[in-house]
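Following: one structure in structure tokens, then a few remarks.
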Amino acid sequence: MARDLIPPPSPAGRPQTPDGTPNLIELPAEPARSGAEPAMGPPPGPSQFRNRFGFLLGALAGIVIAVGLVVAIVVANNGSSSDEAGLASNWSRWQPQDSTVEGGSQEIADHVAAEYKHPDGQQLVSITAGALPDDADLLVRMGSITKIGGTRLLYTMDGLGPNRSIKGGTPSETRLKVIHREALELALYTFRYLPDAESVTMLLPPPPPTDKEQQAAALAAATGATASPTTQLTAIFYRPGDLRQQLQVPLGNTLTAKAPSTSSFSGPEASTVETLTLSNRFNISPTSNGVLLDRP
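Okay, structure coming up:
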């Protein structure tokens with residue numbers, strides 16, 4: 029019976045007082061630090077070499093980034109010639125199979141000519157292409173007369189009417205603007221896909237001859253004489269740098285995919301064509317050994 033009156037031991041293994049309050053054991057006080065022991069100072073600050081190490085690590089990181097950029101540029105341009113640098117990739121949906129001036133120029137001429145038509149669906153002009161002979165002079169008056177050398181490509185636009193004039197339809201300013209657009213498209217395709225072309229001249233179809241001019245031509249043919257042309261021939265002339273900005277963006281940014289109608293051509297694209305062709309239009313005059321392109 030007396031054993032039942034003894035409380036059970038504390039779960040923590042510590043004795044309890046009769047009222048259940050655990051006995052607390054007081055630990056002895058920590059001995060005082062002797063004067064011989066050094067006092068605890070503040071935590072150490074940053075190393076005096078920290079700034080040097082940071083500078084070196086930053087410089088190394090910059091070198092690694094620069095090397096990575098150079099490698100990326102080299103990889104991106106791998107296989108591309110220096111002539112392709114800066115030109116838009118996937119520039120157009122169509123491109124010639126032949127990149128030589130001899131073969132590729134006529135491919136371009138045939139492709140572009142087929143896109144431009146009369147309202148009745150007939151092709152507007154036919155186009156022949158070829159390089160000027162090396163011994164033929166091409167002179168351009170731009171302030172002073174400049175002799176153009178190198179590979180000089182000529183596109184001749186023939187409307188299949190008298191003296192290459194456009195057969196059918198009615199001559200108008202709108203139709204002339206469409207012809208200017210066609211000439212611009214020829215030049216853009218040429219400089220994008222024929223790297224050897226150093227200049228390009230588009231010989232535009234003249235307006236239809238007047239009745240008086242037709243009578244003079246008929247009289248000359250009947251008498252065996254040579255009729256002197258009275259209509260001023262015109263051309264659009266470019267060098268690659270003239271259209272560099274348009275070659276750095278897709279063709280669709282400059283010209284829409286569908287050629288405009290000869291009965292209606294206006295709006296922003298018509299303004300773009302006017303801007304890109306106005307200062308590159310010339311009158312053509314024959315010389316003793318070639319032609320002279322002169323400002324109108």
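Counting from 29, one number per residue, gives the positions in the sequence shown under this note's numbering.
From the three backbone atoms N, C-alpha and C, an ideal C-beta is built for every residue, glycine too.
Looking at the structure shown, is residue 118 part of a helix, part of a strand, or coil, going by DSSP?
Counted from its first residue, the sequence shown places residue 118 at position 90. Here residue 118 sits in coil by DSSP.
Could you have a look at residue 164 and say whether DSSP puts it in helix, strand or coil?
For the purposes of this step, residue 164 is identified with residue 136 of the sequence shown, where counting begins at 1. Coil, per DSSP.
Please determine, among 285, 159, 243, the residue with the shortest C-alpha to C-alpha distance to residue 190.
By one-based count along the sequence shown, residue 190 stands at place 162. Closest by alpha carbon: 243.
Please report the distance separating the alpha-carbon of residue 116 from that of residue 273.
The sequence position of residue 116 within the sequence shown is 88, counting from 1. The sequence position of residue 273 within the sequence shown is 245, counting from 1. Taking the straight line from one Cα to the other gives about 10 Å.
If you compare alpha carbons, which of 165, 152, 320 is closest to residue 186?
As a first step, residue 186 is located in the sequence shown; it is residue number 158 there, counting from the start. It is 152 whose Cα lies nearest to the Cα of residue 186.
Compute the beta-carbon to beta-carbon distance between residue 215 and residue 167, rounded to the nearest angstrom, for a pair I have assumed lies under 8 Å.
Taking the sequence shown and counting its residues from 1, one reaches residue 215 at position 187. Taking the sequence shown and counting its residues from 1, one reaches residue 167 at position 139. Incorrect: roughly 19 Å between the Cβ atoms, too far for contact.
I need the DSSP call for residue 145, collapsed to helix, strand or coil.
Taking the sequence shown and counting its residues from 1, the one referred to as residue 145 is at position 117. Reduced to three states, the DSSP call for residue 145 is strand.
Which residue marks the beginning of the alpha helix (DSSP H) containing residue 299, and which one marks its end?
Here residue 299 corresponds to residue number 271 of the sequence shown, with the count starting at 1. Looking at the DSSP string, the run of the alpha helix (DSSP H) that includes residue 299 is 296-306.
Have a look at residue 125 and residue 302 and give me their C-alpha separation to the nearest angstrom.
The residue labelled residue 125 in the question sits at position 97 within the sequence shown. The residue labelled residue 302 in the question sits at position 274 within the sequence shown. Looking at the two C-alpha atoms, the distance is approximately 30 Å.
I'd like to check one pair, residue 202 with residue 290: are the Cβ atoms closer than 8 Å?
Residue numbering aside, residue 290 sits at position 262 when the sequence shown is read from its first letter. Residue numbering aside, residue 202 sits at position 174 when the sequence shown is read from its first letter. In contact: residue 290 and residue 202 (Cβ atoms closer than 8 Å).
Are the CB atoms of residue 268 and residue 219 within a distance shorter than 8 Å?
By one-based count along the sequence shown, residue 219 stands at place 191. By one-based count along the sequence shown, residue 268 stands at place 240. It is a contact, given that the beta carbons lie within the stated cut-off.
For residue 120, collect the residues of the same chain with a Cβ closer than 6 Å to its Cβ; drop the 5 residues on either side in sequence, then sort them by chain order.
For the purposes of this step, residue 120 is taken as residue 92 along the sequence shown, with counting starting at 1. Only 279 meet the Cβ criterion.
Give every residue of the same chain whose Cβ lies closer than 8 Å to the Cβ of residue 285, excluding the five residues on either side of it in the sequence, and list them in chain order.
For the purposes of this step, residue 285 is identified with residue 257 of the sequence shown, where counting begins at 1. 121, listed in sequence order.
For residue 308, count neighbouring C-beta atoms within 10 Å of its own C-beta (all shown protein chains included) and say buried if the count is 16 or more, exposed if not.
The count along the sequence shown starts at 1 and reaches residue 308 at position 280. Residue 308 should be labelled buried.
Could you tell me the distance, in whole angstroms, from the CA atom of residue 155 to the CA atom of residue 129?
Here residue 155 is taken as the residue at index 127 of the sequence shown, counted from 1. Here residue 129 is taken as the residue at index 101 of the sequence shown, counted from 1. Those two C-alpha atoms are separated by around 15 Å.
Could you check which residue in 231, 209, 188, 217 has the C-alpha nearest to that of residue 136?
Counted from its first residue, the sequence shown places residue 136 at position 108. Closest by alpha carbon: 217.
Going by DSSP in three states, residue 180 sits in which element: helix, strand or coil?
Taking the sequence shown and counting its residues from 1, one reaches residue 180 at position 152. In the structure shown, residue 180 sits in a strand (DSSP, three-state: E or B).
How would you label residue 180, buried or exposed, when you count the other beta carbons within 10 angstroms and need 16 or more for buried?
Locating residue 180 in the sequence shown gives position 152, where the first residue counts as 1. When all chains shown are included, residue 180 counts as buried.
At the level of alpha carbons, what is the spacing between residue 196 and residue 312?
Numbered from its first residue, the sequence shown carries residue 196 at position 168. Numbered from its first residue, the sequence shown carries residue 312 at position 284. Taking the straight line from one Cα to the other gives about 25 Å.
Just to confirm, is the Cβ distance from residue 283 to residue 226 under 8 Å?
Within the sequence shown, the letter at position 255 stands for residue 283. Within the sequence shown, the letter at position 198 stands for residue 226. Not a contact, by the Cβ cut-off of 8 Å.
Out of 160, 134, 231, which one is the CA nearest neighbour of residue 263?
As a first step, residue 263 must be located in the sequence shown, where it is residue number 235. Nearest of 160, 134, 231 to residue 263, Cα basis: 231.
Using the beta-carbon count (16 or more within 10 Å), is residue 292 buried or exposed?
Taking the first residue of the sequence shown as position 1, residue 292 is located at position 264. Answer is exposed; the Cβ neighbour count stays below 16.
8 Å is my cut-off, CB to CB: does residue 210 come that close to chain D?
Absence of chain D from the displayed structure is noted, only one protein chain being present.
Tell me which same chain residues have a C-beta within less than 6 Å of the C-beta of residue 174, skipping the five on either side of it?
In the sequence shown, counting from the first residue as 1, residue 174 sits at position 146. Result list for residue 174: 168, in chain order.
What would DSSP say about residue 219, mapped onto helix, strand or coil?
Here residue 219 corresponds to residue number 191 of the sequence shown, with the count starting at 1. Correct three-state label for residue 219: helix.
Using the three-state DSSP reduction, which class does residue 268 fall into: helix, strand or coil?
One-based indexing of the sequence shown puts residue 268 at position 240. In the structure shown, residue 268 sits in a helix (DSSP, three-state: H, G or I).
On the criterion of 16 or more Cβ atoms from any shown chain inside 10 Å, does residue 236 qualify as buried, or is it exposed?
Translated into positions along the sequence shown, residue 236 becomes position 208. Classification for residue 236: buried.
Roughly how many angstroms lie between the CA atoms of residue 194 and residue 147, to the nearest whole one?
Position 166 of the sequence shown, counting from 1, holds the residue named residue 194. Position 119 of the sequence shown, counting from 1, holds the residue named residue 147. The alpha-carbon atoms of residue 194 and residue 147 are separated by roughly 13 Å.
Which one or two residues does DSSP pair with residue 311 in a beta bridge?
The residue you call residue 311 lines up with position 283 of the sequence shown. According to DSSP, residue 311 bridges with 262, 322.
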